[in-house]
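Student:
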Amino acid sequence: MAHAAVCVFCGAREGRDPAYRAAAEETGRMLAANEWELVYGAGDVGLMGAVARAAQAAGGRTLGVIPAHLVGREGAAHDLTRHVVTETMHERKKVMFMNSHAIVVLPGGAGSLDEMFEVLTWRQLGLHDKPIFLLNTLGYWTPLIQLVEHVIAHGFADDSLRGMVREVADPQTLGTALRAALS
1 MAHAAVCVFC GAREGRDPAY RAAAEETGRM LAANEWELVY GAGDVGLMGA
51 VARAAQAAGG RTLGVIPAHL VGREGAAHDL TRHVVTETMH ERKKVMFMNS
101 HAIVVLPGGA GSLDEMFEVL TWRQLGLHDK PIFLLNTLGY WTPLIQLVEH
151 VIAHGFADDS LRGMVREVAD PQTLGTALRA ALS
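Note that the sequence shown covers residues 1 to 183 in UniProt numbering.
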């Protein structure tokens with residue numbers, strides 16, 4: 001699917017290890033190389049800014065979605081292919097989700113966790129079947145993967161939850177997984 005769109009949820013910070021930024025930049029270049037539009041939070045900071053700048057520098061298309069109250073805080077990028085300003089955070093997530101064919105979660109904080117769990121919950125409820133990938137740079141998401149296993153082991157979710165999120169180790173593996181999922 002050459003003109004698919006991939007939603008990337010990720011941090012408005014870069015984290016302490018430069019490997020997070022490097023993986024975000026590589027992800028942006030990989031999306032552009034595959035002609036997939038990047039759908040992201042429109043911020044020009046942190047991993048969000050890194051993935052978008054790399055995608056744009058590689059000739060990729062970008063759709064940035066940001067709520068009005070974050071424009072000053074996250075420095076909304078204005079050189080995007082498409083740019084949407086929403087009223088609320090919830091509307092931002094919905095617009096990002098509705099304009100994408102797959103979801104990728106890079107390292108991030110509470111906002112990235114919120115975004116990931118919302119799309120995972122929607123999938124668990126049968127509201128969509130879009131693939132969800134965790135880019136597990138430096139094992140960042142390993143505790144989250146263990147938490148999902150814990151939830152299943154204690155009977156608070158069916159075994160099927162395990163297969164609704166796929167862990168990938170690096171942007172190359174992510175690209176391969178996305179090509180398979182979007183074909």
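The beta-carbon is built from N, C-alpha and C at its ideal position, and this holds for glycine as well.
Per the contact definition of three or more C-beta pairs closer than 8 angstroms, is the segment 22-30 in contact with the segment 141-155?
Tutor: These segments do not touch.
Student: To the nearest whole angstrom, what separates the beta carbons of Val168 and Val148, a pair I think is in contact under 8 angstroms?
Tutor: Sequence index remark: in the sequence shown, residue 168 carries index 168 (1-based). Sequence index remark: in the sequence shown, residue 148 carries index 148 (1-based). Actually they do not touch by this definition, with Cβ atoms about 15 angstroms apart.
Student: Figure out for me which residue from Ala5, Ser100, His154, Gly139 has the closest Cα to the Cα of Trp36.
Tutor: Taking the first residue of the sequence shown as 1, we reach residue 36 at position 36. Per the Cα distances, Ala5.
Student: Leaving aside the five residues before and after Arg29 along the sequence, list all residues of the same chain whose C-beta is less than 6 angstroms from its C-beta, in chain order.
Tutor: Here residue 29 corresponds to residue number 29 of the sequence shown, with the count starting at 1. The residues are Ala54, Ala58.
Student: Do Met96 and Val51 have their C-beta atoms within less than 9 angstroms of each other?
Tutor: By 1-based counting over the sequence shown, the position of residue 96 is 96. By 1-based counting over the sequence shown, the position of residue 51 is 51. No; because the gap between Cβ atoms is not below 9 angstroms, this pair is not in contact.
Student: Return the CA-CA distance between Lys130 and Arg16, expressed in angstroms with no decimal places.
Tutor: For the purposes of this step, residue 130 is taken as the residue at position 130 of the sequence shown. For the purposes of this step, residue 16 is taken as the residue at position 16 of the sequence shown. Answer to the nearest angstrom: the Cα atoms are 31 angstroms apart.
Student: Looking at Ile66 and Thr86, is the spacing between their C-beta atoms short of 9 angstroms?
Tutor: Taking the first residue of the sequence shown as position 1, residue 86 is located at position 86. Taking the first residue of the sequence shown as position 1, residue 66 is located at position 66. Yes, the pair counts as a contact, with Cβ atoms nearer than the cut-off.
Student: If you run the structure through DSSP and keep just helix, strand and coil, what is Ala5?
Tutor: Along the sequence shown, read from residue 1 onward, the residue named residue 5 stands at position 5. Three-state result, Ala5: strand.
Student: Between Ser112 and Phe9, how many whole angstroms is the CB-CB distance? I'm expecting something under 8 angstroms.
Tutor: Here residue 112 is taken as the residue at index 112 of the sequence shown, counted from 1. Here residue 9 is taken as the residue at index 9 of the sequence shown, counted from 1. The pair is a contact, with the Cβ atoms about 5 angstroms apart (cut-off 8 angstroms).
Student: What span of residues does the beta strand (DSSP E) with Arg166 cover, start to end?
Tutor: In the sequence shown, counting from the first residue as 1, residue 166 sits at position 166. That run of the beta strand (DSSP E) goes 166-168.
Student: What do you reckon, are the CB atoms on Thr81 and Thr62 nearer than 9 angstroms?
Tutor: By one-based count along the sequence shown, residue 81 stands at place 81. By one-based count along the sequence shown, residue 62 stands at place 62. Yes. Within cutoff.
Student: Mind checking who Pro67 pairs with in its DSSP beta bridge?
Tutor: The residue given as residue 67 occupies position 67 in the sequence shown. In the DSSP output, where bridge partners are listed per residue, Pro67 has Thr86.
Student: Expressed to the nearest angstrom, what Euclidean distance is found between the alpha-carbon atoms of His135 and Leu174?
Tutor: Numbered from its first residue, the sequence shown carries residue 135 at position 135. Numbered from its first residue, the sequence shown carries residue 174 at position 174. For clarity, residue 135 is Leu in the given sequence; the question names His instead. Cα to Cα, Leu135 sits roughly 7 angstroms from Leu174.
Student: For Leu134, does the three-state DSSP call read helix, strand or coil?
Tutor: Here residue 134 refers to the residue found at position 134 of the sequence shown. In the structure shown, Leu134 sits in a strand (DSSP, three-state: E or B).
Student: Secondary structure at Glu91, three-state DSSP: helix, strand or coil?
Tutor: Here residue 91 refers to the residue found at position 91 when the sequence shown is read from its first residue. In this structure, Glu91 counts as helix in the three-state DSSP scheme.
Student: Just tell me which of Gly41, Asp158, Ala19, His128 has its CA closest to the CA of Glu115.
Tutor: Position 115 of the sequence shown, counted from the first residue, corresponds to residue 115. The shortest Cα separation from Glu115 among Gly41, Asp158, Ala19, His128 belongs to Gly41.
Student: What would DSSP say about Ala54, mapped onto helix, strand or coil?
Tutor: Counting from one through the sequence shown, the residue named residue 54 turns up at place 54. Looking at Ala54 - three-state DSSP - the assignment turns out to be helix.
Student: How far does the alpha helix (DSSP H) with Glu118 in it extend, from its first residue to its last?
Tutor: Sequence index remark: in the sequence shown, residue 118 carries index 118 (1-based). Looking at the DSSP string, the run of the alpha helix (DSSP H) that includes Glu118 is 110-124.
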